[in-house]
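A.B. asks: Chains as they are written, first to last, in this note's numbering: chain Y, 1 to 356; chain E, 1 to 207; chain Z, 1 to 288.
The beta carbon of each residue, even a glycine, is placed where N, CA and C say it ideally should be.
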Amino acid sequence: MLAILPPTDLQAIDKPNDAGSSVNLSWKLSSDDSMIDGYVILRRLVSDTTYHEIGLTGRGVSFFEDEGTQDGQEYVYIVASVKNSRLFTSEPSNNATSYPQVFHTGRINVLLCIALFTAFLGYFVSQARTGKELFIRRIPGLAAVDEAVGRATEMGKPILYVPGLGDIDWTATIASMNILGEVAKKIALYDTPLIVPNRWSVTYTVSKEVVKEAFVTEGRPDKFKEDYVRYLTEAQFGFAAAVNGIMMRERPATNFFIGRFWAESLIIAETGAQTGAFQIAGSDSVLQLPFFVTACDYTLIGEELYAASAYLSREPLLLGSLTAQDYGKIIVLVILFGFTLFSFFNINLLALLEVQ
Amino acid sequence: MKRIIPLFICLLIGFSMIIQFFIPHPTSLEFGSTIYKWVIVLIVFALVLAIGNLIRHHGTKIRRQKKDWPYSIVTLSSMIGMAIIGLFWGIQAESLFQKIYLNVFAPLSATMFALLAYYMASAAYRAFRARSLEATLLLAAAFIVMIGFMPFGQYIHPRFPAFAEWVMRVPNMASQRGILLGVAFGAIATALKIILGIERAWLGGKE
Amino acid sequence: MKWYEVISTIDRRIIYVLLTVLVILPFFTRVTIPQNIMPQTQRLFDFIESVPPNDKAVIMTFDYSPQTMPECHPMAKALLKHCFARNIPVIGVSFDPQGPGLAVDAITSVVDRINHYATSKEDSLVYGKDYVYLGWKSGRIAAMLDMGESIAGVFPRDYFGTSVDSFPLMQRIRNYKEVAIAIVLSAAAYPDDWIRYPQTRYGVNIGAGLTAVMAPKYYPFLQTGQIAGMMSGMKGAAEYEKLVLEHGYARELGTAETGMNSQSMIHILIIVFILLGNIGYFFSRRQK
Chain Y
1 MLAILPPTDL QAIDKPNDAG SSVNLSWKLS SDDSMIDGYV ILRRLVSDTT
51 YHEIGLTGRG VSFFEDEGTQ DGQEYVYIVA SVKNSRLFTS EPSNNATSYP
101 QVFHTGRINV LLCIALFTAF LGYFVSQART GKELFIRRIP GLAAVDEAVG
151 RATEMGKPIL YVPGLGDIDW TATIASMNIL GEVAKKIALY DTPLIVPNRW
201 SVTYTVSKEV VKEAFVTEGR PDKFKEDYVR YLTEAQFGFA AAVNGIMMRE
251 RPATNFFIGR FWAESLIIAE TGAQTGAFQI AGSDSVLQLP FFVTACDYTL
301 IGEELYAASA YLSREPLLLG SLTAQDYGKI IVLVILFGFT LFSFFNINLL
351 ALLEVQ
Chain E
1 MKRIIPLFIC LLIGFSMIIQ FFIPHPTSLE FGSTIYKWVI VLIVFALVLA
51 IGNLIRHHGT KIRRQKKDWP YSIVTLSSMI GMAIIGLFWG IQAESLFQKI
101 YLNVFAPLSA TMFALLAYYM ASAAYRAFRA RSLEATLLLA AAFIVMIGFM
151 PFGQYIHPRF PAFAEWVMRV PNMASQRGIL LGVAFGAIAT ALKIILGIER
201 AWLGGKE
Chain Z
1 MKWYEVISTI DRRIIYVLLT VLVILPFFTR VTIPQNIMPQ TQRLFDFIES
51 VPPNDKAVIM TFDYSPQTMP ECHPMAKALL KHCFARNIPV IGVSFDPQGP
101 GLAVDAITSV VDRINHYATS KEDSLVYGKD YVYLGWKSGR IAAMLDMGES
151 IAGVFPRDYF GTSVDSFPLM QRIRNYKEVA IAIVLSAAAY PDDWIRYPQT
201 RYGVNIGAGL TAVMAPKYYP FLQTGQIAGM MSGMKGAAEY EKLVLEHGYA
251 RELGTAETGM NSQSMIHILI IVFILLGNIG YFFSRRQK
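Here is the structure:
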């Protein structure tokens, strides 16, 4: 059998931006790559004499990550082309040592964006503090909240507020809690019962506190009832069934579906529409928005959900943060436009963004 | 005090977790995983409160024989029954718990999910009316996609399915990305506002 | 009430009854709505066609759950029929704990049917020689990576507890080098990990059979060739069934075909109702 050429140019470097214990290997494919079975990777400590096999790759692969190194130890590697169990080894690599990094350089762009955005936020919030008037466009879904609460009061029926099916670690759920606080304040002024069903134990405790505090803020702590905020079940469709049951039995005059939703969105929104309730939905789940738009009277689309608490409370500090968001978006749009423009001239700037 | 302590904890943990994201060192990773473990522990405590609420709500309903109280019996007995079966007879593949899960719970969930087909039909009938220019565009897009994805879409024109896919891939995707961009900024702003204590509605509003 | 008012305010219960009837109807009648073959399905089929018989194996991962069974189960069966008809050995695995029950069902139903019609011993399928099912393993990513070194190392025993080394098939197929393609059947984003890990390191070919909701995410991977071919939802399954039947690898179509007929019927029903609603709306507006 003819000799098979081994891979060449074997390089070993510490894997960047990791917690240590990893060395990255790369090599140029053997010229006989198409004929071989694959590559075998062998390693030894510099202080040692014998190589040990540490892994295999398929043919056409010129990269291997050794995830079993000891930090601080020096290693040397060889890679061999394999054909019918025979090894054709490369020249040894340079010596390599793995160690953990203290800063993830691949995330510099994220850090810069956070810093820039925080600066915007700080600037516009301080502007707001000086009493500068900030404009916020009319959001029909939020303008209708007063009407929604008033309607339920007139009809003497409860208001249902579903804070989504996401746990508290979804930002949409947190935004929903902020809106719930504002809605509960309006409700506290009337004698309208409120029903807040929850899917998760943590959202249950948070929403209970939010509603309770809202009643306290409005000076009506006596009006708050423990029964307003309920825990149902973690099962997705069990929750949907329970919410449907509440809508059919207790016939709320107004339904709010605000937060993160999945496949159950239309099931609950359509049931609500069938009971004749006035419905306001809001979600950042792009796939569920069309369902809400078809079945609800008003829908908060995407970022309107996050703007809601500023809109409802009219608190200058929160309004200031909306302006910061707008500036953030302008920057992103300028970058997108710029990159698109450059790509027309065949200049690829994407390489500049080779970070996470 | 009642406000300051939670705000302080929020600020401290929030910033620690942001910093943790930028440090790949094992110590930092360990800190992150410790925090996640704490979250799990806290969730368990919250679960006790939540189940307490469930039992109290339905217990009161049964005791006072409020409207529809028999449903509450079903809820409570199912919950307690499943808990006892799971605790005493285990949850392995062949256990009674698994059998109930697969033969009662799974079909019930599937039934709820299947209702979607009915609701889609009735919602589409009610909502897809050419009331305005926007609604007409929506209607047209819906038609193109529905017919294009059906087997006989190709008989209208051989390239019709490809056109339907284009509608999904280009205009639909473009608008989705637009929404997602706004969502991303909204989410970042909300997170920062909470960490910095600007947003306090979750604590019941202003002091 | 004028006719146009009637058709623009049809009671939802009428819609529900018609929908139910149209879903059930295709199960009892032999209406066949012809399927066009989408290019991604054809590519997966062609890939399996190009695998030489009695050589490399096909890995199938059964990573779907009962909820998505109507979409993924017929895909699995059609693929199995195709592989077995071409004498390509199949290794089944699961990384989703809900997979094994469905995997065993799919494999046994296809194997029993083939063996039922087998005329000689050579024609019938033998467990351990023509196919194995290795069962479920936790730690998905680590497991799929380790299979590149040794499949028997990750699954020392098969689903039924037999030592994997005792199977003639597994003595021959040791790791990804002897695997033609790994086909991921799932309702989740599992192909991501297959592309990111075993494909990057071992150069494994990846195929996919995904629910219609998940599939659009993977069109870019088809363009780049990182996914060799894909079945998308029930339609993808029905297309594959049709291909398998047309090439004489199966005696009849599977359940996806019937499911697709139901689905098409509903689409037609919805389109008809939307049209009725709009006609009614148009005339009632003209009257005003």
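Using the DSSP secondary-structure output, state which residues sit across from K28 (chain Y) in a beta bridge.
C.D. replies: DSSP, once it has assigned bridges, lists Y:T8 as partnering K28 (chain Y).
A.B. asks: With 8 angstroms as the threshold, decide whether the Cβ of P151 (chain E) is near any Cβ in chain Z.
C.D. replies: It does: the Cβ of P151 (chain E) has a partner Cβ on chain Z nearer than 8 angstroms.
A.B. asks: Spatial neighbours of R230 (chain Y) within its chain, please: CB distance less than 8 angstroms, with the 5 preceding and 5 following residues excluded, ordered by chain position.
C.D. replies: I195, V196, P197, N198 and Y204.
A.B. asks: Going by alpha carbons, who is nearest to Q11 (chain Y) out of Y:N17, Y:V23 and Y:G259?
C.D. replies: It is Y:V23 whose Cα lies nearest to the Cα of Q11 (chain Y).
A.B. asks: Within the stretch 118-158 of chain Y, note down every full alpha helix (DSSP H) run reaching 4 residues or more, in order along the chain.
C.D. replies: Entirely contained in the stretch 118-158 of chain Y, the alpha helix (DSSP H) runs reaching 4 residues are, in chain order, 140-143 and 145-155.
A.B. asks: Cβ closer than 7 angstroms: which chain E residues qualify as neighbours of P220 (chain Z)?
C.D. replies: Those within 7 angstroms of P220 (chain Z) in chain E number zero; the least Cβ separation is about 10 angstroms.
A.B. asks: Could you tell me the alpha carbon to alpha carbon distance between F135 (chain Y) and L142 (chain Y), rounded to whole angstroms?
C.D. replies: Cα to Cα, the separation comes out at about 16 angstroms.
A.B. asks: What residue range is occupied by the uninterrupted alpha helix (DSSP H) comprising V210 (chain Y)?
C.D. replies: It spans S201 to T217 - the alpha helix (DSSP H) in which V210 (chain Y) sits, taken as one unbroken run.
A.B. asks: Taking Cβ-Cβ distances below 8 angstroms as the criterion, which residues of the stretch 114-143 of chain E are in contact with chain Z?
C.D. replies: Within the stretch 114-143 of chain E, the residues whose Cβ lies closer than 8 angstroms to some Cβ of chain Z are A117, Y118, M120, A121, S122, A124, Y125, R126, F128, R129, A130, R131, L139, A142 and F143, listed in chain order.
A.B. asks: So G164 (chain Y) and I258 (chain Y) are supposed to be a Cβ contact under 8 angstroms. How far apart are they, rounded?
C.D. replies: Confirmed, about 7 angstroms.
A.B. asks: Looking at the strands, I want to know which residues DSSP matches up with R157 (chain Z).
C.D. replies: Looking at the DSSP assignment, R157 (chain Z) forms a beta bridge with Z:S163.
A.B. asks: Quick check: the Cα distance between E182 (chain Y) and A214 (chain Y), rounded to an integer number of angstroms?
C.D. replies: Each residue's alpha carbon lies about 7 angstroms from the other.
A.B. asks: Could you tell me which whole beta strand (DSSP E) segments of length 3 or greater appear in the stretch 273-313 of chain Y?
C.D. replies: Runs found: 278-283 and 298-301.
A.B. asks: For a cutoff of 8 angstroms on Cβ pairs, would you count V23 (chain Z) as touching chain Y?
C.D. replies: Output row for V23 (chain Z): interface = no.
A.B. asks: Once the 5 residues before and after Y298 (chain Y) are set aside, which same chain residues still bring their CB inside 7 angstroms of it?
C.D. replies: P140, G141, A144 and I280.
A.B. asks: Which residues, taken in chain order from the stretch 5-20 of chain Y, show a beta carbon closer than 7 angstroms to some beta carbon of chain E?
C.D. replies: Cβ contacts with chain E come from N17, D18, A19 and G20.
A.B. asks: When you compare each of Y:A188, Y:R137, Y:I174 and Y:S343 to W202 (chain E) by their alpha carbons, which one comes out closest?
C.D. replies: When only C-alpha atoms are compared, the closest one is Y:I174.
A.B. asks: Can you tell me where the beta strand (DSSP E) with V229 (chain Y) in it begins and where it stops?
C.D. replies: Here the beta strand (DSSP E) through V229 (chain Y) covers V229 to Y231.
A.B. asks: Going by DSSP in three states, K2 (chain E) sits in which element: helix, strand or coil?
C.D. replies: Here K2 (chain E) sits in coil by DSSP.
A.B. asks: Cα separation between G92 (chain Z) and G135 (chain Z)?
C.D. replies: Those two C-alpha atoms are separated by around 7 angstroms.
A.B. asks: Would you verify that the beta carbon of T57 (chain Y) is, or is not, closer than 8 angstroms to some beta carbon of chain Z?
C.D. replies: T57 (chain Y) counts as touching chain Z.
A.B. asks: Between the alpha carbons of K121 (chain Z) and N54 (chain Z), how many angstroms are there, rounded?
C.D. replies: The alpha-carbon atoms of K121 (chain Z) and N54 (chain Z) are separated by roughly 16 angstroms.
A.B. asks: Looking at C-beta atoms only, is the number of pairs between the stretch 320-339 of chain Y and the stretch 178-193 of chain E that lie closer than 8 angstroms three or more?
C.D. replies: In short, these stretches touch, since the Cβ pair count reaches three.
A.B. asks: With DSSP as the reference, label M17 (chain E) as helix, strand or coil.
C.D. replies: Helix.
A.B. asks: Since G301 (chain Z) meets chain E, which of its residues come closer than 7 angstroms, beta carbon to beta carbon?
C.D. replies: Here chain Z covers residues 1 to 288 and nothing more, so residue 301 (chain Z) does not appear.
A.B. asks: Look at the alpha carbon of R59 (chain Y) and the alpha carbon of M170 (chain Z), and state the distance between them as a whole number of angstroms.
C.D. replies: Spanning the two alpha carbons is a distance of roughly 21 angstroms.
A.B. asks: Going by DSSP, what residue range makes up the beta strand (DSSP E) through R43 (chain Y)?
C.D. replies: That run of the beta strand (DSSP E) goes G38 to L45.
A.B. asks: Report all residues from its chain with a CB closer than 6 angstroms to the CB of S201 (chain Y); omit the five preceding and five following residues, and keep chain order.
C.D. replies: Excluding positions up to five away in sequence, the list is empty.
A.B. asks: Say whether chain Y places a C-beta atom closer than 8 angstroms to the C-beta of V58 (chain Z).
C.D. replies: Closer than 8 angstroms: no.
A.B. asks: Please list, in chain order, all residues of the same chain as F15 (chain E) whose beta carbon is under 8 angstroms from its beta carbon, the five residues on each side excluded.
C.D. replies: Contacts found: I195.
A.B. asks: Could you list which residues in chain Z have their beta carbon closer than 9 angstroms to that of G238 (chain Y), in chain order?
C.D. replies: Near G238 (chain Y) there are no residues of chain Z at all, since even the closest Cβ is about 14 angstroms away, more than 9 angstroms.
A.B. asks: V206 (chain Y): which of E:F88, E:F45 and E:P107 sits nearest, CA to CA?
C.D. replies: Comparing Cα positions, the closest option is E:F45.
A.B. asks: Give me the residue from Y:D48, Y:I78 and Y:F88 with the minimum Cα distance to S42 (chain Y).
C.D. replies: Per the sequence presented here, residue 42 (chain Y) reads as Leu, with Ser not at that position. Nearest of Y:D48, Y:I78 and Y:F88 to L42 (chain Y), Cα basis: Y:I78.
A.B. asks: Please name the residue, chosen from Z:N36, Z:R172 and Z:E246, that lies closest to I88 (chain Z) on a Cα-to-Cα basis.
C.D. replies: Nearest of Z:N36, Z:R172 and Z:E246 to I88 (chain Z), Cα basis: Z:R172.
A.B. asks: Could you tell me which uninterrupted alpha helix (DSSP H) segments, each at least 4 residues in length, are contained entirely in the stretch 42-88 of chain Z, listed from first to last along the chain?
C.D. replies: Runs found: 69-85.
A.B. asks: Strictly below 8 angstroms CB to CB, what residues from chain Z border V61 (chain Y)?
C.D. replies: In chain order: T200, R201, Y202 and G203.
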